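Heads up, my numbering is the position in the sequence shown plus 80, with the first residue counted as 1. Data first, discussion second: the structure below is written as structure tokens.
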Amino acid sequence: TGGMGKEIARRLVSEGAAVFLGGRSADKAAAIAAEIGAAPVVLDVTSPEQWRSAIDEIEAQAGRLDILVHAQGETVVTPFAEAGLDDFRYMMSLNAESVFIGSQAALPLMERSGRGSIINIGSVIQARANATLAAYGASKAAMTALSKALALHCAASGIRVNVIHPAGILTDMLDRAIKAMDVPYAE
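Below, the structure is given as structure tokens:
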């Protein structure tokens, strides 16, 4: 409901798409959805149950799902030697496992229409190591590998799967990461 996901949703709405904007906070999702002209969906992307509920809601309201964008993301900025296993598992759950769960939940609806596009937002960090973003980079690399396997699975069904690996885009997440790394930059 923030950063790139919000701006992607805004652009899709401006192009005429019926957009469902998912977010963990019902209030935040509703406020942002109202701002950009989307429909809010309460969705913790790490929850299989909430994914099933969200896809059921989309099917009930729209009858189909043409585009699924996995734009969730968060980062934990910690020197590698100090990083905890809980932080690593959180990054893998949020940035990789959620793509697995969400894609599995959405595929039956997309397959029924015989077309669709799954777009996963990765990061250049998945291919460029950073000692303070090890868990984030590993989770985005896992998401990339998962996306390649998903693309092979979906090839015959008319569903495309793509990954976009942006470089640094000054979102709130990147701003927090830069400040945590104590790296000077122009505001």
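Where is the CB? At the ideal position from N, CA and C, for every residue including glycine. These figures come from a predicted structure and were not determined experimentally.
Of all C-beta pairs linking the stretch 90-100 to the stretch 156-169, fewer than three are shorter than 8 Å, placing the two stretches out of contact.
Note that the C-beta distance between A118 and I112 is below 9 Å. Of all alpha-carbon atoms in G164, L101, G103, H245, the one lying nearest the alpha-carbon of T212 is that of G164. R240: member of the beta strand (DSSP E) spanning 239-244, first to last residue.
Beta-carbon to beta-carbon, R240 and S197 are separated by about 5 Å, close enough to satisfy the 8 Å threshold.
Secondary structure at N175: helix, using DSSP grouped into helix, strand and coil. Scanning its chain for C-beta atoms nearer than 8 Å, with the 5 sequence neighbours on each side dropped, one finds around T126 the residues S173, L174, E177, S178, I181, in chain order. Around N210, the same chain offers G217 as residues with beta carbons nearer than 7 Å, after the five sequence neighbours per side are excluded. In this structure, the straight-line span from the alpha carbon of R192 to that of L145 is close to 10 Å.
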